[in-house]
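Here's the structure, in structure tokens; my notes come after.
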Amino acid sequence: MSMRTVIENKVSWINIVDPSQEDIEHLRRYYPFHPLDLEDCLSSIERPKVDEYENYLFIVMHFPIYDPHARISRISEVDIFIGSGYLITLHNGELTPLLRLFEECHKDERARSKHMSRGAGQLLYGILDRTVDYVMRILTQVGSRINQVEEKIFTEDMRYIVEEISVIRRDVIALRRIIKPQIGVVSNLERKDRPFIREGMEVYFGDIVDGFSRAWDELEDHREVIENLSSTSDSITSYRINETMRTLTVISVLLLPLTLLAGIYGMNISLPFDKQPYAFYGLIGTMVVIVVGLVVLFRKRKWM
Amino acid sequence: MSMRTVIENKVSWINIVDPSQEDIEHLRRYYPFHPLDLEDCLSSIERPKVDEYENYLFIVMHFPIYDPHARISRISEVDIFIGSGYLITLHNGELTPLLRLFEECHKDERARSKHMSRGAGQLLYGILDRTVDYVMRILTQVGSRINQVEEKIFTEDMRYIVEEISVIRRDVIALRRIIKPQIGVVSNLERKDRPFIREGMEVYFGDIVDGFSRAWDELEDHREVIENLSSTSDSITSYRINETMRTLTVISVLLLPLTLLAGIYGMNISLPFDKQPYAFYGLIGTMVVIVVGLVVLFRKRKWM
Amino acid sequence: MSMRTVIENKVSWINIVDPSQEDIEHLRRYYPFHPLDLEDCLSSIERPKVDEYENYLFIVMHFPIYDPHARISRISEVDIFIGSGYLITLHNGELTPLLRLFEECHKDERARSKHMSRGAGQLLYGILDRTVDYVMRILTQVGSRINQVEEKIFTEDMRYIVEEISVIRRDVIALRRIIKPQIGVVSNLERKDRPFIREGMEVYFGDIVDGFSRAWDELEDHREVIENLSSTSDSITSYRINETMRTLTVISVLLLPLTLLAGIYGMNISLPFDKQPYAFYGLIGTMVVIVVGLVVLFRKRKWM
Amino acid sequence: MSMRTVIENKVSWINIVDPSQEDIEHLRRYYPFHPLDLEDCLSSIERPKVDEYENYLFIVMHFPIYDPHARISRISEVDIFIGSGYLITLHNGELTPLLRLFEECHKDERARSKHMSRGAGQLLYGILDRTVDYVMRILTQVGSRINQVEEKIFTEDMRYIVEEISVIRRDVIALRRIIKPQIGVVSNLERKDRPFIREGMEVYFGDIVDGFSRAWDELEDHREVIENLSSTSDSITSYRINETMRTLTVISVLLLPLTLLAGIYGMNISLPFDKQPYAFYGLIGTMVVIVVGLVVLFRKRKWM
Amino acid sequence: MSMRTVIENKVSWINIVDPSQEDIEHLRRYYPFHPLDLEDCLSSIERPKVDEYENYLFIVMHFPIYDPHARISRISEVDIFIGSGYLITLHNGELTPLLRLFEECHKDERARSKHMSRGAGQLLYGILDRTVDYVMRILTQVGSRINQVEEKIFTEDMRYIVEEISVIRRDVIALRRIIKPQIGVVSNLERKDRPFIREGMEVYFGDIVDGFSRAWDELEDHREVIENLSSTSDSITSYRINETMRTLTVISVLLLPLTLLAGIYGMNISLPFDKQPYAFYGLIGTMVVIVVGLVVLFRKRKWM
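Here the protein sequences come in this chain order: A, B, C, D and E.
For the first sequence, the numbering used here gives the first residue as 926, with consecutive numbering after it.
For the second sequence, the numbering used here gives the first residue as 926, with consecutive numbering after it.
For the third sequence, the numbering used here gives the first residue as 926, with consecutive numbering after it.
For the fourth sequence, the numbering used here gives the first residue as 926, with consecutive numbering after it.
For the fifth sequence, the numbering used here gives the first residue as 926, with consecutive numbering after it.
Written out as structure tokens, the structure reads:
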């Protein structure tokens, strides 16, 4: 679809959004890439990996993209070829931090110099650094949604809480699935020394590994906290069921005897005191005594 | 039962469906197979394995077959002998991707050339590649059933949700049990180099290992998502129990006092105002006041 | 209690049921066994183990015996001494497959030849092979009990389901505890080569290890399935509680207003229309209208 | 507080109950112990450990003491110095098996000879052997409490079951915490050979390791069984809630329509058949028909 | 913000609270620190780590600070540079044990001598020792809150219990997250020998590792106990729901038949015995008989 290039010093960054068959053809002609790697760039989601060749690396990485409609993070794939003097990124254009960095390098002399002057390895670091920040921002958003649930769990309607917990947990599962294999991929980059990733960059890639590890720790944290909230919300609902039951029971126990008494005095037979003018007040008084007695009993058993 | 052969170049593929005693006898006579291996071909389900001999391999693999009646995936076994110049598959004819590949090789010159021209190792890769695709399709179906539950969980009747979750979880357990040992079997094939699996095939078998690993990851994902759904459905049911209880309580609390009042004025004794012509309207008015008061109270406590 | 011997070729199998002090004394006199091992034979349940000595092995194995009264599998211990030219089994006579094999060897020339002609190692394999079959049969029985619960879970009374799940789960816990250490014991036998276990037997012991591993896998499967059933049965019970609550609520909501209306017209005061001859039919009509209205409302909210 | 000594052959066993500052001072003067170790003897609960020095070992072990008031097992610490020709135990006097062994050695010539004639290593073994027995007895008690819950779970009042499960589970958690590190400590003793623990004792310490491992296995077993009971008891309670709900619903559904009918015939208006002498029997008959009809319906739906 | 120094012998301890840009500038000028480390001191929360350089160590540690408002422990970071002759601590001033130790060294000659006379390694040990004590105190507080819940769980209102369990569990999750990586950091310090951490200090750092391990064990314990409490509280709530239900059912079953009987005798038709003067007593007697009968029935079924 769209292939654009930025050149600085001796490094060129080729960014291909939605790679078409011709783009791949172009790469095939001018670069020494293995046919299988080029095929992978066109096919859908692959597993994250680093394929190592003599004079280039083929890196497949995944990043989460939050889909607000499905309320879940989906996988967004970036394919990277890195060799001596070039770095090629292929993706579907969703990953804004990558696009933004490209724009900066494209427009701004200083950004270009900062990210590209020391070779392709430095540029790769720059890209990964941005994406780590991006991932951390997504996790922070998840964290603040969890905090909201935490604050409302003892007061809010449970329907909202239950749905929110379910949706966040679903998202955390998806994010874990996406983040986990990235650590392996970047550790791999850190460990091995290659000529076209300039020396002295390991420290920097160590930073990226650290970033993904922190992301992973935070996701673990999120997962445990959401489990706690889920368990708490279930306990609260059970508690409320008991409270509701208790209210119903208290009301029934208070009113049913009075209704029975009224029913008895409504029977069409000869009733004691039924001719007395103050029978009504006697009966009402009896009812009050019953109610007061029951209330005292409930208070004792801590039901009211 | 049925033994058919396709020959291409120097490789022959013998496909035996529902192997009979005679088929085994035939193999025993013409091939250097260990008696124990031949016995295994006749007996029921074995554990997946690769038995290595000097001049041939005996491979037992399992694949899932979805049984729509029991709504669960069952094991289907394929036994493979692979040696220099031949590949023999024994199974009960359920595994369609294998049958289809055999038909293709049988009928289509080009397919035969594509899958068999480079030796038995290539043919084995072809068979495994098809079965990986087949397994992924099964997992995609499970995934879409999970998605359906996910979409309906907040609206649908819980009976359907509970049954669906139980059945899918049962199937995921079965699939995990089937897929897991295959990774070991195929990794085993990838690692070791044998003369009759032509050199340069390791990369390809690496692909198959990758495929099964992806299948395993997806099953792990399915399992976590289904656990989340199960936990969510339980929370929703509890929530609904509370809501139903609350409705009953509200109705009872609203109507019981009125019934009591009516009961009191139904008593066969001298009642205050009972001779007044507007007593009825006074009592109805009192009832309305009680109801309105209770509704206001419920609104405050967020019960209505 | 009872010591019997079968001799074939140069191997003798001594089978001791309920070993008494004298039996042990006998072994002490004629065999080079360590006193601690002989003590172990008299004492109650030990941990499964293989104790290796220069010229004999002492093996303690456990097998499950299903106790139909307690509805749980108990441990049954077999102690085995194996040395050059002899194999001694000590147990309490519960383990039928072992007894049956002894009887076969005792009575049947061919069975004796088949199991004992190649030395004590072969006989040990024969015994273990039988017990593996026996263990698999027990697991199959557990599996069929699980299947029964699975089939009935959506229809049967929950009391039966809950009790059945609890009992099966208890039994699976017991079986896991019994089977697990056996794998280690038999792997141990497979690994090391000893003079009195004839060469070439490792493949066969590999078979036994495989058998116990399969048993373990099946138990893991059983455990996961029973967890699923337990979770499902809880969900179903919750669902049913809600359904029962809903029925009660629907009935109450339908009948309470009518009862109130009847109560109002039962009040001993001047009522509107009370002298009309068709007042009754008017009121019954009103009641019908109320019921129909409520039913329509319930239908809309999917409560009926 | 109290320091007593038993001497046999060349080994002396010094038993110090509730060590005071002077006791420690005494040890400091006459033994080559590290100051930190002596400090540890005065301070409260340490982690179990074996500190190895050139000519002595400092061992800290924990044993469970059941506290009947808190219904939980607490940690009881024993500090042991073992060197060439002496063994010193420091503890707070709670651990009866240790005290009893000391008394035996003190009073009984033969016990002294049996436990101390072969050196300090043998004495250490004797002490540990007793404490293993003691631990097993405690676990057996826990096991029998679990069995009681198991037997009563389907019949007894749930309040007792729930409390019992909670208390036993709490105790199992405490016991696991106490037992687990002991295995490491004793394995450590088994592995290394020291001059003052006479040669040939490893087999015996292997016995102790075995004992603690068995204790650990049994605790794992207890834990799983108690989880099963907890899950079962929750299922039973849910089941009972549904049964109680169902009883209430059946009663309400049976009686509410009759009450309504009676209410209707209690209205003070002209009623059909109200002047008939057999109206009463007609209405009662109608009521019976309603009840019988509802009962038949409930029977069909398996509610009664 | 505030930089203060204590000097003893040849060691100087520089304590910087809320490090400003100028403080960092100062360090940059006079010390050989890596720019990345200095940046870390200004930025927010890092992962705990030990960065090793030729002539200094950069240590980032985390400690929990209990936030009484949010009822959860937050991370408090301390950055430490340690080199030959100096130790520099940077933090935000929250960690009281560190501040207190600084004050002691500042004011008290003897404390200064005790903690700083043997070099920077000893001072580091002193600081870590204090913080371990501080962490243990926090865990003890959590433990006593758990004990309170444990004591009240069978008597107190569930709302309090549920909220308390949720809050404590949340705090335990946070504490686990904070404590866990510290063990790795301190183990790292223990293992490697550096010139500026004087020889013979490993034993002491072993003490610190031990302290953090004990903290971790206690947190594990807390976690298991809180899970037990959570499970118990859910069981109790379910039990209470059933009890409440049962009370309601018993009341309804007792009173509804009497109400029906009264309703029947309230019908405006000719009733049997309605003219008898003792009809009232007959009916009341019937009611008593019904109630007594039902009570006997309930007693039998253990509902009362």
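For each residue, glycine too, the CB sits at the ideal point set by N, CA and C.
Note that the coordinates shown come from a computational prediction; the quantities given were computed from them, not determined experimentally.
Compare the C-beta of residue i against all C-beta atoms of chain A and say whether one is closer than 8 Å.
i	result
Leu1173(E)	yes
Thr1211(E)	no
Pro960(B)	no
Looking at chain B, is there any beta carbon in it that lies within less than 8 Å of the beta carbon of residue i?
i	result
Pro1233(C)	The question about residue 1233(C) has no answer, for chain C in this structure spans 926 to 1229.
Leu1114(C)	no
Report all residues from its chain with a CB closer than 7 Å to the CB of residue i; omit the five preceding and five following residues, and keep chain order.
i	result
Lys1200(E)	none
Leu963(A)	Ile949, Leu952, Arg953
Gln1073(B)	none
Any beta carbon from chain C within less than 8 Å of residue i's own beta carbon?
i	result
Met1230(D)	Since the first and last residues shown for chain D are 926 and 1229, residue 1230(D) lies out of range.
Pro1202(B)	yes
Glu1149(D)	yes
Ser937(D)	no
Asp1135(D)	yes
What does the Cβ neighbour count give for residue i, buried or exposed, with the cut at 16 atoms within 10 Å?
i	result
Arg953(B)	exposed
Val1213(E)	exposed
Glu977(C)	exposed
Asp943(D)	exposed
Thr1065(D)	exposed
Ser968(E)	exposed
Asn1017(E)	exposed
Leu961(C)	exposed
His1147(C)	buried
Arg1035(D)	exposed
Thr1014(E)	buried
Thr1211(E)	exposed
Could you check how far apart the C-beta atoms of residue i and residue j are, in whole angstroms? I think they sit under 8 Å.
i	j	result
Leu1053(D)	Val936(D)	Not a contact, Cβ separation roughly 16 Å.
Glu930(B)	Phe988(B)	Reading the sequence as shown, one finds Thr at residue 930(B) and not Glu. Incorrect: roughly 23 Å between the Cβ atoms, too far for contact.
Tyr1011(D)	Ile939(D)	7 Å
Thr1157(E)	Ile1078(E)	6 Å
Val1150(B)	Ile1071(B)	6 Å
Leu1023(E)	Val1003(E)	7 Å
Here's a check: name, in chain order, each residue in its chain whose Cβ is nearer than 6 Å to the Cβ of residue i, leaving out the five neighbours to either side.
i	result
Glu950(D)	none
Ile1215(A)	Pro1182
Check whether chain E comes within 8 Å of residue i, counting only Cβ atoms and requiring the distance to be less than that.
i	result
Tyr1059(A)	no
Phe1006(A)	no
Met986(D)	no
Going by beta carbon distance, what residues of the same chain come within less than 8 Å of residue i, once the five residues before and after it are set aside?
i	result
Ser1069(D)	none
8 Å is my cut-off, CB to CB: does residue i come that close to chain D?
i	result
Arg996(C)	no
Asn1167(E)	yes
Could you check whether the stretch 968-979 of chain A touches the stretch 1096-1115 of chain A, counting it as contact only if at least three pairs of C-beta atoms, one from each stretch, sit closer than 8 Å? Contact between the stretch 968-979 of chain A and the stretch 1096-1115 of chain A is established, with three or more Cβ pairs separated by less than 8 Å.
How about the stretch 988-998 of chain D and the stretch 1091-1103 of chain D: do they share at least three Cβ pairs that are nearer than 8 Å? yes
At least three beta-carbon pairs within less than 8 Å, the stretch 977-987 of chain A to the stretch 1001-1009 of chain A: yes
Could you check whether the stretch 1177-1194 of chain D touches the stretch 1184-1200 of chain C, counting it as contact only if at least three pairs of C-beta atoms, one from each stretch, sit closer than 8 Å? yes
Stretch pair the stretch 1084-1094 of chain C + the stretch 1127-1147 of chain D: three plus CB contacts closer than 8 Å: no
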